[in-house]
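Enquirer: These protein sequence lines are chains A and B, in that order.
All residue numbers for the first sequence refer to my numbering, where the first residue is 105 and numbers rise by one.
All residue numbers for the second sequence refer to my numbering, where the first residue is 105 and numbers rise by one.
Where is the CB? At the ideal position from N, CA and C, for every residue including glycine.
Remember, predicted model here, so these are calculated numbers, not experimental data.
There are 2 protein chains.
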Amino acid sequence: MEFGITFFPTIGPAEKKAGEYYDECLQLAGLADELDLAHVRTVEHYFFSYGGYSPDPVVFLTAVAARTTRVRLGTSAVIPAFSHPIKLAAKLAMLDNLSHGRLDVGFGRAFLPDEFTAFGVDMDESHVRFQEGIAACKLLWSEENVTWSGTYHSFGPVTLLPRPVQEPHPPVFVTTARSVDSCVTAGRAGHNLQMVGAILSPEQIQERISAFRKAWVDGGREPGTEQIHLSFPAYLAESRAEAFEAGRYDDGKNGAAIGAAVRSWSKTRSSAYPGYDKLADQSLRPDFAAKVGENKVLAGTPDDVAGQIEQLQDWFGDDITLSLSVHSGQLPAEMAARSMRLLATLDI
Amino acid sequence: MEFGITFFPTIGPAEKKAGEYYDECLQLAGLADELDLAHVRTVEHYFFSYGGYSPDPVVFLTAVAARTTRVRLGTSAVIPAFSHPIKLAAKLAMLDNLSHGRLDVGFGRAFLPDEFTAFGVDMDESHVRFQEGIAACKLLWSEENVTWSGTYHSFGPVTLLPRPVQEPHPPVFVTTARSVDSCVTAGRAGHNLQMVGAILSPEQIQERISAFRKAWVDGGREPGTEQIHLSFPAYLAESRAEAFEAGRYDDGKNGAAIGAAVRSWSKTRSSAYPGYDKLADQSLRPDFAAKVGENKVLAGTPDDVAGQIEQLQDWFGDDITLSLSVHSGQLPAEMAARSMRLLATLDI
């Protein structure tokens, strides 16, 4: 089973300067390359501790590309709703070239009301903007003299420069949070899947994976060629107590960061985001040991985590890829490096 | 007198793959760092051989930042008219952090009708979009809880993340092509100046520099703290014949690239761009030796070019900084490296 790492910062200037956090992450990205991990990914968020140190994942991944030679580079995700498709397709094509074809492009819809408000984009439009953005980028990458006439953008004929290295375009992933429908749409379109393990039950994930795999084949694609990335926080140490202590601290801080970011959901309703208004209700969050018990967080000794991964394989199959969040910035980078080194020793 | 290098690609996929060009430029950027040059800059353009390999200068400069430790990194320029100010300010702040405070931000208005058309932006709005974009970025960088209510964008209160390293913000340059007024506006606002040497006469450049310096001091700033970058193509070799042969070839190719990019000016008129409709008239271009004779291009042996630079110092003062275009991609990268090494031997 392959695994990579995702950087999801949850810190702001009061905790650690951005430059220091980036330097730490670049060291860890180098370690990921050295350990032959599958990928390095990062997010797109704004303004809040929750992801705000990563407003442009392409910029950070370009720095990763310069320090690595093997590891794949993934966005998780870029947000078409906040970008002109030409700008988005162009910078991603630059990164595909600068990394010599190591780019995976994850697209997301975004879900924080304050981000939509800042960009002056109506949340109810997010689904159409997402689909239109993906389609426009794919067309710009794979064809010349492209004319696009969409709901939110129209242009052309233009030929995007640079051309991407990977043909017809870099692998496309969609970051899908909640609905089965979006997994079916992704599979049918030949888009791979990124899911957040912690926010769904195993049964919900199984249902989405099955629907996605069926749609992938229904769309005329070879079974087994689809990619599914499942992300989890991971904390490993030689002793369980130490791993849990670190994890409990980090998890609490991450919870506070997401709490602040989703606060405006308490006064926001969008028919495009059913159920999201409950995100602001932090009382639903179970404690750390319970999360580990439910395999929503990987934590413990290498043996402990090997057992958890075995359970994930039983549930979801052994051809899924894990994307492990190891450095939110709340803990010393050395602890993330330790988690990565211990993970690399596992026979999974 | 300090000098740096500017990358202005004029090639497309038919001549050289983008990844190969980037690799060459990154090697040359490393050499610039080694030779202790003042800066590495690159442009923002789309679709055409003329600059089209550089649609996002921040992405390329991030790769440069990863391979260098001393040289400053400059955009020449980023185009606010094509970007949301939050997106632009955020990625530039990331680069300022990733480079540990080595960023200079040059802003430009853009001038190619086809770029404006593709982004659905009216050229007549370019001046207001330019001024508004600079002001919004500066505010986002230097203050928290920013509320912006402009002609084209409104947002806030938001606090940009990450915060830039340089305080209150990275040095700001404006890339000004033609008008004295824009030099005065820049000087009064405390913005530094980037000018293209080849498209103005020495008298025109002198007039703009004087107006700029006066406005800088009128704006309450210390004389001598302003920065003026003048860019020129440069071709050096041990023999004059060799330098001229290389320069003549490159200059011809660059002329053809700009000719293709400005062709649509023959059917475009914008009151915001007086005289630009004549850009498409290629018959005005003098021959290579004449350009060298007029110091619009630096070419020849180290002694030849030292003489040209002495003339530039006489005309414009010895506190201007030269920004030398050494690798459009038309010639082997080794020739650019040779030019850079020979330039570094000059006692200027």
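1) What does A/ARG171 reach in chain B if we use C-beta pairs closer than 9 Å?
2) Which class does B/THR110 belong to by DSSP, given the choice of helix, strand or coil?
3) Have a look at A/HIS431, A/ILE452 and A/GLY397 and flag the residue whose alpha-carbon is nearest the alpha-carbon of A/ILE424.
4) For the beta strand (DSSP E) containing B/THR279, list its first residue and its last residue.
5) A/PRO406: buried (16+ other C-beta within 10 angstroms of its C-beta) or exposed?
6) Just the C-alpha distance for B/SER427 and B/ILE109, rounded to the nearest angstrom, thanks.
7) State the CB to CB distance for the pair B/GLY291 and B/GLU330, rounded to an integer number of angstroms; the pair is presumed to be in contact (CB under 8 Å).
8) In terms of DSSP beta bridges, what is B/SER253 paired with?
9) Against chain A, with Cβ distances strictly below 8 Å, would B/VAL175 count as a contact?
10) Which residues of chain B have a Cβ atom closer than 7 Å to the Cβ of A/PRO117, listed in chain order?
11) How far does the beta strand (DSSP E) with A/HIS463 in it reach, from first residue to last?
12) Quick one: residues in its chain with C-beta nearer than 6 Å to the C-beta of B/PRO159, no 5 flanking neighbours on either side, listed in chain order?
13) Considering B/MET299, what are the terminal residues of the beta strand (DSSP E) in which it resides?
14) Three-state secondary structure (DSSP) at B/ILE183?
15) Taking buried to mean at least 16 other C-beta atoms within 10 Å of its own C-beta, is B/PRO261 buried or exposed?
16) Out of A/ARG312, A/PRO274 and A/GLY294, which one is the CA nearest neighbour of A/VAL284?
17) Determine the DSSP secondary structure at A/SER153, reduced to helix, strand or coil.
18) Along the stretch 226-247 of chain A, where does the CB come closer than 7 Å to a CB of chain B? Name the residues.
19) Just mark B/SER370 as buried or exposed, buried being the case when its beta carbon has 16 or more other beta carbons within 10 Å.
20) What's the C-alpha gap between B/TYR339 and B/GLY404?
21) With H, G and I counted as helix, E and B as strand and the rest as coil, what does DSSP make of B/PRO189?
22) Listing by chain order, which chain A residues have their CB less than 9 Å from the CB of B/TYR256?
23) So B/VAL209 and B/THR179 are supposed to be a Cβ contact under 8 Å. How far apart are they, rounded?
24) Taking the straight line between their C-alpha atoms, what separation do you get for B/GLN417 and B/HIS295?
25) Is there a Cβ from chain B that is less than 8 Å from the Cβ of A/SER387?
26) State the DSSP-derived secondary structure class of A/ARG267, mapped to helix, strand or coil.
27) Would a C-beta distance cut-off of 8 Å place A/ALA365 and A/LEU216 closer than the cut-off?
28) First and last residue of the beta strand (DSSP E) that includes B/TYR353?
29) Using Cβ-Cβ distances below 8 Å, what residues of the stretch 174-194 of chain A are close to chain B?
30) So with Cβ pairs under 8 Å, would you call A/PRO159 a contact of chain B?
31) Among B/ILE362, B/GLY397, B/LYS395 and B/PHE392, which one has its Cα closest to the Cα of B/TYR380?
32) Could you work out which residues of chain B lie near A/LEU132, taking near to mean beta carbons separated by less than 7 Å?
33) I believe A/LEU135 touches A/ALA441 by the beta-carbon criterion, under 8 Å. Please report the beta-carbon distance rounded to the nearest angstrom.
34) Nearest chain E C-beta to A/LEU216 closer than 8 Å, yes or no?
35) Residues of chain B with a CB under 8 Å from the CB of A/HIS204: which are they?
36) What residues match up with A/VAL209 in a beta bridge as DSSP calls it?
Expert: Taking the geometry as given:
1) On the first sequence, position 67 is the one that residue 171 of chain A refers to. From the beta-carbon of A/ARG171, the residues of chain B found nearer than 9 Å are ALA170.
2) Here residue 110 of chain B corresponds to residue number 6 of the second sequence, with the count starting at 1. In this structure, B/THR110 counts as strand in the three-state DSSP scheme.
3) The residue you call residue 424 of chain A lines up with position 320 of the first sequence. Among A/HIS431, A/ILE452 and A/GLY397, the Cα nearest to that of A/ILE424 belongs to A/ILE452.
4) Position 175 of the second sequence, counted from the first residue, corresponds to residue 279 of chain B. Here the beta strand (DSSP E) through B/THR279 covers 276-279.
5) Looking up residue 406 of chain A in the first sequence gives position 302. In the assembly as shown, A/PRO406 is a buried residue. Its beta-carbon has 16 or more other beta-carbons within 10 Å.
6) The residue labelled residue 427 of chain B in the question sits at position 323 within the second sequence. The residue labelled residue 109 of chain B in the question sits at position 5 within the second sequence. Rounded to the nearest whole angstrom, the CA to CA distance from B/SER427 to B/ILE109 is 5 Å.
7) Here residue 291 of chain B corresponds to residue number 187 of the second sequence, with the count starting at 1. Here residue 330 of chain B corresponds to residue number 226 of the second sequence, with the count starting at 1. Between the beta-carbon of B/GLY291 and that of B/GLU330 there is about 7 Å, and that keeps the pair under the 8 Å contact cut.
8) As a working note, residue 253 of chain B is residue 149 in the second sequence. DSSP output for B/SER253 lists B/SER258 as bridge partner(s).
9) Translated into positions along the second sequence, residue 175 of chain B becomes position 71. Taking Cβ atoms only, chain A never reaches closer than 8 Å to B/VAL175, which makes this a no.
10) Here residue 117 of chain A refers to the residue found at position 13 when the first sequence is read from its first residue. Residues of chain B passing the Cβ test: ARG267.
11) Since the first and last residues shown for chain A are 105 and 452, residue 463 of chain A lies out of range.
12) Indexing the second sequence from 1 puts residue 159 of chain B at position 55. Taken in chain order, the residues that qualify are TYR150.
13) Sequence index remark: in the second sequence, residue 299 of chain B carries index 195 (1-based). From DSSP, the beta strand (DSSP E) with B/MET299 extends over 296-300.
14) The residue labelled residue 183 of chain B in the question sits at position 79 within the second sequence. When secondary structure is reduced to three states using DSSP, B/ILE183 falls in the coil class, being assigned neither helix nor strand.
15) For the purposes of this step, residue 261 of chain B is taken as the residue at position 157 of the second sequence. Counting Cβ neighbours within 10 Å, B/PRO261 comes out exposed, since fewer than 16 surround it.
16) Along the first sequence, one-based indexing puts residue 284 of chain A at 180. Of the candidates A/ARG312, A/PRO274 and A/GLY294, A/ARG312 places its Cα closest to the Cα of A/VAL284.
17) Against the first sequence, residue 153 of chain A aligns to sequence position 49. Assigned with DSSP and collapsed to three states, A/SER153 falls in coil, not helix or strand.
18) Those would be none; no residue qualifies.
19) Counting from 1 along the second sequence, the entry for residue 370 of chain B is found at position 266. It counts as exposed.
20) Walking along the second sequence from the start, residue 339 of chain B turns up at place 235. Walking along the second sequence from the start, residue 404 of chain B turns up at place 300. Taking the straight line joining both Cα atoms gives about 7 Å.
21) As a working note, residue 189 of chain B is residue 85 in the second sequence. In the three-state DSSP reduction, B/PRO189 falls in the helix class (H, G or I).
22) For this step, residue 256 of chain B is matched to residue 152 along the second sequence. Residues of chain A passing the Cβ test: none, with the nearest at roughly 10 Å.
23) As a working mapping, residue 209 of chain B is identified with position 105 in the second sequence. As a working mapping, residue 179 of chain B is identified with position 75 in the second sequence. B/THR179 and B/VAL209 do touch by the CB rule: their CB atoms are close to 6 Å apart, below 8 Å.
24) Taking the first residue of the second sequence as 1, we reach residue 417 of chain B at position 313. Taking the first residue of the second sequence as 1, we reach residue 295 of chain B at position 191. The straight-line gap separating the alpha-carbon atoms of B/GLN417 and B/HIS295 is approximately 22 Å.
25) Sequence index remark: in the first sequence, residue 387 of chain A carries index 283 (1-based). With a pLDDT of 47 at A/SER387, under the threshold of 50, the predicted position of this residue should be treated as unreliable, and no value is reported.
26) Taking the first sequence and counting its residues from 1, the one referred to as residue 267 of chain A is at position 163. In the structure shown, A/ARG267 falls within a coil segment according to DSSP collapsed to helix, strand and coil.
27) The count along the first sequence starts at 1 and reaches residue 365 of chain A at position 261. The count along the first sequence starts at 1 and reaches residue 216 of chain A at position 112. Yes, they are a contact pair.
28) Mapped onto the second sequence, residue 353 of chain B falls at position 249. For B/TYR353, there is no enclosing beta strand (DSSP E); the enclosing alpha helix (DSSP H) has its first and last residue at 344-366.
29) Residues of the stretch 174-194 of chain A that bring their beta carbon within less than 8 Å of a beta carbon in chain B comprise PHE186, SER187, HIS188, ILE190, LYS191 and ALA194, in sequence order.
30) For the purposes of this step, residue 159 of chain A is taken as the residue at position 55 of the first sequence. For A/PRO159, the closest Cβ of chain B is nearer than 8 Å.
31) Numbered from its first residue, the second sequence carries residue 380 of chain B at position 276. If we check each option's Cα against that of B/TYR380, B/ILE362 comes out closest.
32) Along the first sequence, one-based indexing puts residue 132 of chain A at 28. What A/LEU132 touches in chain B: nothing, since even the nearest Cβ is about 15 Å away.
33) Reading the first sequence from its first residue, position 31 is the one you call residue 135 of chain A. Reading the first sequence from its first residue, position 337 is the one you call residue 441 of chain A. That belief holds up - the Cβ atoms of A/LEU135 and A/ALA441 are roughly 6 Å apart, short of 8 Å.
34) The chain labelled as chain E is not found among the protein chains of the depicted structure, namely A and B.
35) Here residue 204 of chain A refers to the residue found at position 100 of the first sequence. Per Cβ cutoff of 8 Å: GLY123.
36) Start at 1 with the first residue of the first sequence, and residue 209 of chain A comes out as number 105. BP columns for A/VAL209 point to A/VAL276.
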